[in-house]
Amino acid sequence: MGAQVRKTGLPGGSGGPSGGEHSAIDAGAGQRIRAYCCDIDAALTRVGTRPAAVSELLGSIRDDGPAFLVGSLAAGLGNRGSDIDVNVFCAEPTGEAPMMFFLGQTSVDVQLYATEESRRIVAALATDRVAFAGSVCALGPPPELKTQRRISRWLTACPFTSSQAPVFEDAEAELALAALVRGALENLVRAGYAALVLEPLGAASEVAWRRAGRAVIETLARGRGDVFIGEKWLVARAARCGVDRALVRRAFEVSCSEELAGVLRTAGLPQLELSELVSLAGAAPLEEFALAGRSWTLLGGARLLPGSPGDLSAERLASEGGPGLAEALAEGALAVAVDHHALDEVLRSCAA
Amino acid sequence: MRSLDARWFAERATAAAWAEALVIQPAFEDVHAALDAGDWATCVDCCFETVLGACFVLAVLDGYNGAPVEADLLVRCLVDGSPAADLLGRLPHGHEARGEDAREAVAISGEALALVEAALPLRVERFRTPEGFFPGVRAAAGLEKLRTRLGLPGFGWRHFTT
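These protein sequences, in sequence, are chains A and B.
Count along the first sequence starting at 1, add 5, and that's the number in the working numbering.
Count along the second sequence starting at 1, add 1333, and that's the number in the working numbering.
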């Protein structure tokens, strides 16, 4: 059942300063991203091996097409325990399932992609963009999270040989960066909204507010070209791309909407009226059953909730406030979606 | 001797066991790699991923069908008020973390792993290691056989691919 999509009507956020008046062109995007990448020898040294050893392990897979080291090592992060992630672009990939090899105790994950996959992904990205966070941000929705991760890996990929072209050309990298900045911003909205919804539960919401605070730092890091998506590396990334340490500390300690607003203000990011930037929709088919004199709702053909489907109306739960909305979201009876048009308007007004 | 509900085992318990192998095990390996490297901040953040992974596994065991998307998962586990969710609130934060913060976070991760171990009826041991990989593949084949026998579709791996 596709239930109605609507704004949530929860309180949240406040007005604040804008992000600046930059052009929406970010010709230096590719170069900025490359500043945070590693060459393959240095990357593999971190796990005690060399490119030749990995090539030998992969054998004929290396003949299928250009191979790249991706992941935390390629992005200049990682440590002795990191996996070696390799992506190979070939004419006829056998499927999306990764292959796993081992080099000593180090796992080597190999994934094959079609040669045209990077072009296909870029062709599907939003092309309109505005100045944001010292960078550019796409107008329109970002690709799904899995695709964002893939883009971030390819933007930071190390070629196995110096003659290989990068996965993305500079013009493509600019579009890709704008999409990843948009992805970070949407994640911030989702994280902040989750915290807002959890607020009636008291102390439990503090964890969620802290995650929203971190999402601000992730947004800043991506804007600076440090695009590798890996939550556990955020402190290292924030440090190396020069995000103010005091701001990082404040962001990591955010415990309420006012503190999040303060962090956004200091970061030079627009204020976010969280409840105005998301929509709620019925997440799964809801069917009513009368069982032994009581009404029940069968959710997604799998879970039974007491009460009728009308009790789970997004409109009703959002207007009532309190824990009911959080409970409906927790049960998967409702799903949160970022309102892309509303966020576009915020971005346009802060870039104007 | 007590029987287990075969359908529950093939659906919920197996999904949770694979989530443990593919989400928690790598996260906890990262915890120790960061600890060995003296990278306290990353260690603390890996501990958060481990504990959040534990929340995910326990939620899957309880019927959660969503992906391990952080905002959704936080709502789910914080509303439930599960013991694993309480551990999230006890974790220090990574920025400017010191060795003692990292060790405290590792201990909290250990508590989360103990909760998972107590709840799961099966484990796919050390799947991402040379020793554990093939036993894991055999476990997957056994699972598919059981699911087929019970009239269930193939197991959904989509959440775990990159």
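No residue lacks a Cβ here, since even glycine has one placed at the ideal position from N, Cα and C.
Note that the structure is a prediction, hence the values are computed from the model and not measured.
Judged by DSSP in its simplified three-state form, T111/A adopts strand.
The three-state reading of DSSP puts V59/A in helix, counting H, G and I together. Sorting C163/A, Q110/A, P148/A and D69/A by C-alpha distance to the C-alpha of T120/A places D69/A at the top.
Contact between A181/A and L160/A holds: their C-beta atoms lie close to 6 angstroms from each other, under 8 angstroms. Those residues of the region 1380-1393 of chain B placed with their C-beta closer than 7 angstroms to a C-beta in chain A are E1382, ordered along the chain.
Closest in C-alpha terms to F1381/B, from the list N1398/B, A1346/B, A1343/B and G1422/B, comes G1422/B.
By the rule that beta-carbons nearer than 8 angstroms mark a contact, L117/A does not touch chain B.
The alpha helix (DSSP H) runs lying completely inside the region 72-160 of chain A and spanning 4 residues or more are 122-128 and 150-160, given in chain order.
Not flagged as an interface residue toward chain B: M104/A, since no C-beta distance is shorter than 8 angstroms. When the Cα atoms are used, L310/A and L291/A turn out to be separated by approximately 10 angstroms.
Judged by their CB atoms, A199/A and A213/A are nearer to each other than the 8 angstroms cut-off. Separation of S112/A and A1367/B (C-alpha to C-alpha, rounded to the nearest whole angstrom) is 17 angstroms.
Along the region 68-87 of chain A, going in chain order, the ones with a CB nearer than 8 angstroms to a CB of chain B are N84, R85, G86 and S87.
Closest in C-alpha terms to Q116/A, from the list F106/A, Q110/A, R124/A and R125/A, comes F106/A. Beyond the five residues adjoining it in sequence on each side, V259/A comes within less than 7 angstroms, by CB distance, of W214, R215, A217, G218, L265 and V268 in the same chain, given in chain order.
In the structure shown, R229/A adopts coil according to DSSP, grouped into three states. Its chain contains C1388, A1392, A1417 and A1418 as the residues whose beta carbon lies nearer than 7 angstroms to that of C1410/B, once the 5 sequence neighbours on both sides are disregarded; these appear in chain order.
Counting only Cβ-Cβ distances below 8 angstroms, V253/A has contacts in chain B at H1428, in chain order.
Under a criterion of Cβ atoms nearer than 7 angstroms, no residue of chain A is adjacent to V1457/B; the nearest Cβ is some 14 angstroms distant.
Apart from sequence neighbours up to five positions away, the residues of its chain that approach W1373/B with a beta-carbon distance below 7 angstroms are A1430, R1431, G1432, D1434 and A1435, ordered along the chain.
Scanning the region 257-331 of chain A from its first residue to its last, the whole beta strand (DSSP E) runs of 3-plus residues come out as 283-287, 291-296, 299-304 and 308-311. Burial check for K1478/B: the Cβ neighbour count within 10 Å stays below 16, so the residue is exposed. Chain-order list of chain A residues neighbouring L1421/B: V212, by C-beta distance under 8 angstroms. Bounds of the beta strand (DSSP E) holding V343/A are L339 to V343. Looking from the CA of Q110/A, the closest CA among I89/A, L203/A and C43/A belongs to I89/A.
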